[in-house]
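Worksheet for the structure shown next.
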């Protein structure tokens, strides 16, 4: 099953939002904690904080082929 373009775009938007918030500085230090940013972005995009964490830290894989294509080559 291929990854839909909307899913890829959603993941890119989530990563951009996380980067934008984590680059906010006040008095020379990061203003928002990582947990706060993850929860804020999760609420904004209607996702769980763990899902956002997996997306941001590249724990989500994008399959290049589906399972049936892999096994048809063996026959």
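In our numbering, the protein residues as written are 173 to 247. The C-beta atom is built at its ideal place from N, Cα and C for all residues, glycine as well.
1) For residue 197, which of helix, strand or coil comes out of DSSP?
2) Note down the Cα distance separating residue 197 from residue 212, rounded to an integer number of angstroms.
3) Tell me the residue span of the alpha helix (DSSP H) that contains residue 175.
4) Based on DSSP bridge pairs, tell me the residues matched to residue 202.
So, from the listed chains and residues:
1) Residue 197: strand per DSSP, three-state reduction.
2) The straight-line gap separating the alpha-carbon atoms of residue 197 and residue 212 is approximately 17 Å.
3) Counting along the chain, residue 175 falls outside any alpha helix (DSSP H), and DSSP gives it neither H nor E.
4) The bridge partners DSSP lists for residue 202 are 197.
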